[in-house]
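Trainee: Residue numbers are given in the numbering used here: position 240 of the first sequence equals residue 242, and the series is strictly consecutive.
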Amino acid sequence: MRVKTVGPIGAKIMFVGEASGEHEDNCGRPFEGFAGKTLTGLMSQANINRNEVLITNVFKTRPPGNRVSWFFLDKECTMVKPEFRDDIEQLKQDIQFHKPNIVVALGNTALYALYGEKIISKFRGYILNSTLVPGQKLIATYHPQNINWEWKNHFPMILDLKKALRNSDTPDIPVDNRILKYDVSADEFINYCEKFVEDGCDISLDVETLQPGTHVTILGLAPSPDFAVSITLIDGRMPTLSYTKEKQVWNAVGQVTKNCPMIMQNGSYDAGVLLHNNGVYVRDLKFDTLIAAHICFPEMPRDLGFIASIVLDVPPWKHLANQNKAYYNAGDCAATFEIARRLEKQLKQTDQWEQFLFEMAEIEPALMMQIQGVKINKEVASELTAECDRITQDCDEKLQVITGRKINYNSPKQLQQLLYIDMGLPPQFKKRKSVNEPRKISADKKAIKRLKRDHKDNPMFDLLLNYKQYNKLRQFVSVETDENDYVYTSYNVTGKKFDADNGTDDDWRKSFGRWSSSQSVILPYGSGNLQNIPEVARKIYTAPEGYVFLSGDLVQAEAVVVAYYIGDNTLKKLFRDRLNEPDPEKKKKYDVHKYTGSIMFRKQQDDVSKEERRIGKTLRHASNYAAGPTVIADELGCSLLEAKKLLLIYYNSCPQLGLWHSRIQAELRQTRVLTNLYGRKHRFLDRWGDPLFRSAYSYKPQSSVGDHLNIGLTQFYNKYCHEVRMIFQLHDAFYLLVKEGTEEYWARKMYEECVRTIYINDEPMTIEMDFKVGPSWGESEDFPVWIEYEEDERKSRYVRV
DNA sequence: GATTTTACGTA
DNA sequence: CGTACGTAAAATCT
Numbered sequence: 003m004r005v006k007t008v009g010p011i012g013a014k015i016m017f018v019g020e021a022s023g024e025h026e027d028n029c030g031r032p033f034e035g036f037a038g039k040t041l042t043g044l045m046s047q048a049n050i051n052r053n054e055v056l057i058t059n060v061f062k063t064r065p066p067g068n069r070v071s072w073f074f075l076d077k078e079c080t081m082v083k084p085e086f087r088d089d090i091e092q093l094k095q096d097i098q099f100h101k102p103n104i105v106v107a108l109g110n111t112a113l114y115a116l117y118g119e120k121i122i123s124k125f126r127g128y129i130l131n132s133t134l135v136p137g138q139k140l141i142a143t144y145h146p147q148n149i150n151w152e153w154k155n156h157f158p159m160i161l162d163l164k165k166a167l168r169n170s171d172t173p174d175i176p177v178d179n180r181i182l183k184y185d186v187s188a189d190e191f192i193n194y195c196e197k198f199v200e201d202g203c204d205i206s207l208d209v210e211t212l213q214p215g216t217h218v219t220i221l222g223l224a225p226s227p228d229f230a231v232s233i234t235l236i237d238g239r240m241p242t243l244s245y246t247k248e249k250q251v252w253n254a255v256g257q258v259t260k261n262c263p264m265i266m267q268n269g270s271y272d273a274g275v276l277l278h279n280n281g282v283y284v285r286d287l288k289f290d291t292l293i294a295a296h297i298c299f300p301e302m303p304r305d306l307g308f309i310a311s312i313v314l315d316v317p318p319w320k321h322l323a324n325q326n327k328a329y330y331n332a333g334d335c336a337a338t339f340e341i342a343r344r345l346e347k348q349l350k351q352t353d354q355w356e357q358f359l360f361e362m363a364e365i366e367p368a369l370m371m372q373i374q375g376v377k378i379n380k381e382v383a384s385e386l387t388a389e390c391d392r393i394t395q396d397c398d399e400k401l402q403v404i405t406g407r408k409i410n411y412n413s414p415k416q417l418q419q420l421l422y423i424d425m426g427l428p429p430q431f432k433k434r435k436s437v438n439e440p441r442k443i444s445a446d447k448k449a450i451k452r453l454k455r456d457h458k459d460n461p462m463f464d465l466l467l468n469y470k471q472y473n474k475l476r477q478f479v480s481v482e483t484d485e486n487d488y489v490y491t492s493y494n495v496t497g498k499k500f501d502a503d504n505g506t507d508d509d510w511r512k513s514f515g516r517w518s519s520s521q522s523v524i525l526p527y528g529s530g531n532l533q534n535i536p537e538v539a540r541k542i543y544t545a546p547e548g549y550v551f552l553s554g555d556l557v558q559a560e561a562v563v564v565a566y567y568i569g570d571n572t573l574k575k576l577f578r579d580r581l582n583e584p585d586p587e588k589k590k591k592y593d594v595h596k597y598t599g600s601i602m603f604r605k606q607q608d609d610v611s612k613e614e615r616r617i618g619k620t621l622r623h624a625s626n627y628a629a630g631p632t633v634i635a636d637e638l639g640c641s642l643l644e645a646k647k648l649l650l651i652y653y654n655s656c657p658q659l660g661l662w663h664s665r666i667q668a669e670l671r672q673t674r675v676l677t678n679l680y681g682r683k684h685r686f687l688d689r690w691g692d693p694l695f696r697s698a699y700s701y702k703p704q705s706s707v708g709d710h711l712n713i714g715l716t717q718f719y720n721k722y723c724h725e726v727r728m729i730f731q732l733h734d735a736f737y738l739l740v741k742e743g744t745e746e747y748w749a750r751k752m753y754e755e756c757v758r759t760i761y762i763n764d765e766p767m768t769i770e771m772d773f774k775v776g777p778s779w780g781e782s783e784d785f786p787v788w789i790e791y792e793e794d795e796r797k798s799r800y801v802r803v
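1) Quick one: what's P10 bridged to in DSSP?
2) Give me the Cβ distance between R727 and L739, rounded to the nearest whole Å; I'm assuming they're in contact under 8 Å.
3) Per DSSP, R4 is paired with what?
4) With a threshold of 16 other CB atoms inside 10 Å of the CB of Y747, please say whether the residue is buried or exposed.
5) Taking Cβ to Cβ, would you say Q402 is nearer than 8 Å to G681?
6) Leaving out five residues on either side along the sequence, give the residues of the same chain with a beta carbon under 7 Å from the beta carbon of G215.
7) Going by CA-CA distance only, name the one from V479, L475, K447 that's closest to D464.
8) Have a look at I666, G714, V313 and flag the residue whose alpha-carbon is nearest the alpha-carbon of K702.
9) Residues in its own chain within less than 8 Å of A13 by CB, not counting five upstream and five downstream?
10) Kindly identify the DSSP beta-bridge partner or partners of G19.
11) Smallest Cα separation from I404: which of E389, L421, A323?
12) Measuring CB atoms only, is the region 371 to 383 touching the region 523 to 542, in the sense that at least three cross pairs come out at less than 8 Å?
13) How about L182 and A336: do their beta carbons lie closer than 8 Å?
14) Which stretch, first to last residue, makes up the beta strand (DSSP E) that contains P367?
15) By Cβ distance, which residues of its chain are closer than 7 Å to Y329, with the 5 residues on each side in sequence left out?
16) Between the alpha carbons of V495 and I293, how many angstroms are there, rounded?
17) T338 and Q257 look like a contact to me (Cβ under 8 Å); what is the Cβ gap, rounded to whole Å?
18) Taking only runs that begin and end inside the region 65 to 150, name each unbroken alpha helix (DSSP H) of 4 or more residues, in chain order.
19) Taking the alpha-carbon positions, what's the G307 to Q418 distance?
20) For K588 and D609, I'd like the C-alpha separation in whole angstroms.
21) Between which two residues does the alpha helix (DSSP H) holding T573 run?
22) With burial defined as no fewer than 16 other Cβ atoms inside 10 Å of the residue's Cβ, what is the status of M159: buried or exposed?
23) CA-CA distance, I535 and L41?
24) Going straight from the alpha carbon of E399 to that of I378, what length do you get?
25) So, do the region 125 to 132 and the region 311 to 321 have three or more beta carbon pairs nearer to each other than 8 Å?
26) Under 8 Å between the Cβ atoms of Y627 and Y699?
27) Return yes when the Cβ of S513 is within less than 8 Å of the Cβ of T491, no when it is not.
28) Are at least three pairs of beta-carbons, each pair with one atom in the region 555 to 570 and one in the region 763 to 779, less than 8 Å apart?
29) Going along the chain, which residues of its own chain have a beta-carbon closer than 8 Å to the beta-carbon of F74, five neighbours each way excluded?
30) Could you check if F736 is buried or exposed, using at least 16 other CB atoms within 10 Å of its CB as the buried criterion?
31) Could you tell me the alpha carbon to alpha carbon distance between G505 and I122, rounded to whole angstroms?
32) When you compare each of L659, I729, D585, S798 to I789 by their alpha carbons, which one comes out closest?
33) Where do the ends of the beta strand (DSSP E) carrying S553 lie?
34) Whether or not the region 705 to 718 and the region 671 to 685 are in contact is what I'm after, with contact meaning three or more pairs of Cβ atoms, one per stretch, closer than 8 Å; do they touch?
35) Taking its Cβ as the centre, do 16 or more other Cβ atoms sit within 10 Å of E537, making it buried, or is it exposed?
36) Measuring alpha carbon to alpha carbon, tell me which residue in R455, T133, K164, C203 is nearest C262.
Following this line, the structure appears as structure tokens:
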């Protein structure tokens with residue numbers, strides 16, 4: 003049965019879907035089946051009443067197998083079969099008859115029919131002018147069915163629908179009055195720069211770069227959302243200006259960044275390139291739209307195109323990037339300026355301005371650490387590399403004797419063949435996220451450990467584990483350095499690697515306020531991420547003659563935060579006593595894990611064995627985040643039954659934990675927004691269920707500790723960056739490179755900036771900081787410094803939880 | 001040659 | 001059914 007367009011005459015919004023499914027075919031009305039239910043739900047979340055809108059499909063009949071490609075001649079679905087062209091004509095006439103203020107295209111097919119473009123992810127959320135009915139305002143979003151498959155598109159789709167509603171008052175398509183000047187002459191560009199300096203106005207800046215070397219090819223500036231100017235410095239691979247002229251341009255840009263408050267999208271990159279390559283220092287990065295987006299939409303993509311699509315009412319421009327880079331760059335500058343205005347408003351309205359400011363303040367220390375880099379000891383590095391090679395070769399040879407064949411142990415496929423087919427061992431499976439997923443066979447470390455447990459007499463499993471360990475270690479110790487033996491990392495304040503721009507982006511990033519570390523695009527030397535270097539490999543990072551590494555780490559930080567959240571009085575006292583204990587030897591007495599062991603095994607703390615302490619540590623850690631018995635069993639190497647017993651004892655000894663977990667769930671149910679100890683808000687967008695809860699349990703402690711350290715680190719940097727060098731940030735610790743003999747002086751300064759009190763329900767919580775000193779990152783010893791801590795009102799925060 | 005999968009290091 | 005992050009090598013696709 004052909005479906006009709008349904009809805010009231012005079013409706014302001016018209017939804018256009020794809021084609022009929024089974025239900026639609028039966029009743030002749032669009033969106034009556036499963037996808038229809040989803041659509042109704044989405045509409046109501048966007049405050050749209052389904053009865054007040056028009057709904058139709060592009061194709062009026064049901065394709066065999068529900069495949070849309072049936073309507074097209076080609077696989078890419080770009081040529082409609084002649085017999086279905088009437089459907090398109092019908093759609094056109096329907097729109098012209100009803101004259102809705104806005105049409106909403108649902109999915110690729112509708113977007114193609116109405117606008118001639120195929121990739122919904124690139125065009126969704128923008129205000130478009132329909133090509134099928136020129137002058138008709140159009141917005142595209144996902145097909146409801148897609149939301150059922152890809153949950154991460156759920157929230158953007160609701161935002162799109164809300165935008166459609168906002169734009170349904172009038173049929174007017176916003177006119178683009180922007181003046182985007184591109185490829186201006188050097189002199190004209192310099193004139194603009196001088197004018198901007200004279201006005202002292204906010205300026206948004208954006209650079210395009212060329213690899214390798216990260217040379218600036220195009221530079222754009224905008225003093226408002228309506229005007230932008232860009233200059234091309236490198237065309238292809240050739241400079242466009244003479245040396246003298248280009249120098250004049252850089253001088254002019256330098257004056258702008260010296261005198262004007264700057265606005266950027268990911269300023270850490272642009273400012274880093276300008277500083278490192280062009281000697282241009284950005285004095286006042288006033289507003290970074292990446293940071294703002296991270297605070298406002300912590301689970302959303304943060305590229306400029308996406309932010310624009312949810313914050314602005316503009317036509318899409320990102321797909322033009324390859325046609326005219328200079329024009330596109332100017333467009334980016336203008337868009338960044340406007341996004342900054344809108345997000346500033348939103349940050350203030352949602353009471354997150356303070357959080358925004360302290361995240362902004364983290365940019366400079368993060369950037370400086372990136373550009374300074376760390377020196378590698380090449381001798382130690384090559385020794386360790388040789389050792390890795392020796393051990394892996396040795397394992398390889400011994401394994402060859404045992405198994406009688408030579409395979410690549412790094413190959414999951416070959417290893418699975420060897421273990422589960424040739425040797426006939428019981429296949430091991432990877433843990434699934436949900437029971438609906440198919441079980442996946444695996445030959446990873448965990449699998450081998452399990453096999454080892456059941457075949458204690460066979461030495462091959464130890465050899466395999468050894469091989470894997472040293473093979474992995476090799477990648478951390480054999481690193482490429484620059485000509486001065488330095489390596490670098492990019493510390494990313496918003497904790498995110500950028501999503502691929504090919505539309506096939508993987509999981510979204512949660513980013514709980516911790517920094518991430520990744521390979522620097524500006525200085526691509528070293529293993530990239532410096533936050534996952536194994537202990538042994540840290541030996542290659544040695545301090546120069548006369549210097550040592552000094553680290554300050556927050557003691558048991560997450561455990562402290564959890565203890566206060568759940569209200570565990572014994573633990574609170576334990577942490578407090580440790581804080582007030584001047585004797586470093588006696589401090590060791592206050593050991594959470596020994597305490598846990600003593601409860602679990604009902605004995606005095608002094609009688610707790612090493613093994614019992616380990617069990618206590620594992621249990622506390624795992625159960626804070628609601629881990630299950632399988633994980634405990636794997637971690638402890640015990641049976642599932644034993645793990646279950648241990649967990650039961652643990653939960654009985656700590657009933658507050660379960661209550662806290664329930665409270666988090668209740669909090670989620672309200673608004674899905676959780677707030678940490680520093681006021682950082684996070685809206686959780688996952689489907690309702692266990693993975694959501696687990697993620698939420700870890701949010702408050704993890705992000706609170708992250709913010710706690712980063713605030714201290716930033717304060718420390720602002721005071722002392724001219725006197726001392728900051729080297730690493732490891733989530734709950736940071737490292738300095740200090741002159742021998744000044745360790746204690748700097749330890750005290752770190753303590754002053756990092757140790758502060760948060761009052762939780764009027765109770766003071768203080769996380770202690772301990773210090774370590776060593777000639778290399780890998781060889782350090784405790785460096786006890788007794789600092790009497792006075793709770794200082796000025797440094798404190800009050801929170802209710 | 002480009003993309004996806006598998007594995008594994010840290011807090 | 002800890003979570004979060006980034007990278008390398010193998011496997012697979014085109």
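Every residue gets a Cβ at the ideal spot worked out from N, C-alpha and C, and that includes glycine.
Mentor: According to the structure data:
1) Per DSSP, none; premise fails for P10.
2) Between the beta-carbon of R727 and that of L739 there is about 5 Å, and that keeps the pair under the 8 Å contact cut.
3) None, per the DSSP bridge assignment.
4) By the 10 Å Cβ count, Y747 comes out exposed.
5) Note that the C-beta distance between Q402 and G681 is not below 8 Å.
6) Closer than 7 Å at Cβ, skipping near neighbours: no residue.
7) Nearest in C-alpha terms to D464, of all of V479, L475, K447, is K447.
8) The candidate whose alpha carbon is nearest that of K702 is I666.
9) Once the five neighbours on either side are set aside, the close Cβ partners of A13 are E54, V55, L56, H100, P102.
10) G19 pairs with N59.
11) Checking every option, the nearest Cα to that of I404 belongs to L421.
12) A contact is defined here as three or more CB-CB pairs under 8 Å, and the region 371 to 383 meets this definition with respect to the region 523 to 542.
13) In this structure, A336 lies closer than 8 Å to L182 by Cβ.
14) P367 -> not in any beta strand (DSSP E); alpha helix (DSSP H) instead, spanning 365 to 374.
15) Once the five neighbours on either side are set aside, the close Cβ partners of Y329 are L182, Y184.
16) I293 has its alpha-carbon roughly 8 Å from the corresponding atom of V495.
17) About 20 Å separates the two Cβ atoms, so there is no contact after all.
18) You should have 87 to 100, 110 to 117, 122 to 125.
19) Going from the Cα of G307 to the Cα of Q418 covers about 43 Å.
20) CA-CA distance, K588 to D609, rounds to 16 Å.
21) Checking the sequence, you will find Leu at residue 573 rather than Thr. Its alpha helix (DSSP H) spans residues 571 to 581.
22) That one is buried.
23) Answer to the nearest angstrom: the Cα atoms are 47 Å apart.
24) When the Cα atoms are used, E399 and I378 turn out to be separated by approximately 32 Å.
25) Yes, since at least three Cβ pairs between the region 125 to 132 and the region 311 to 321 fall closer than 8 Å, the two stretches touch.
26) Cβ distance < 8 Å, so Y627 and Y699 count as in contact.
27) For the 8 Å CB-CB criterion, T491 and S513 do not form a contact.
28) With the rule of 3 Cβ pairs closer than 8 Å, the region 555 to 570 counts as touching the region 763 to 779.
29) Within the same chain, F74 has close Cβ partners T80, M81, V82, K83.
30) Per the 10 Å Cβ criterion, buried.
31) Note that G505 scores 37 on pLDDT, short of 50, meaning its location in the model is unreliable; the coordinates nonetheless yield the value given after this. Spanning the two alpha carbons is a distance of roughly 9 Å.
32) Distance check between I789 and each of L659, I729, D585, S798 places D585 closest, using alpha-carbon atoms only.
33) From DSSP, the beta strand (DSSP E) with S553 extends over 549 to 556.
34) The region 671 to 685, when compared against the region 705 to 718, does touch it at the 8 Å Cβ threshold.
35) So E537 counts as exposed.
36) Ranked by how close their Cα comes to the Cα of C262, the residues R455, T133, K164, C203 have C203 in first place.
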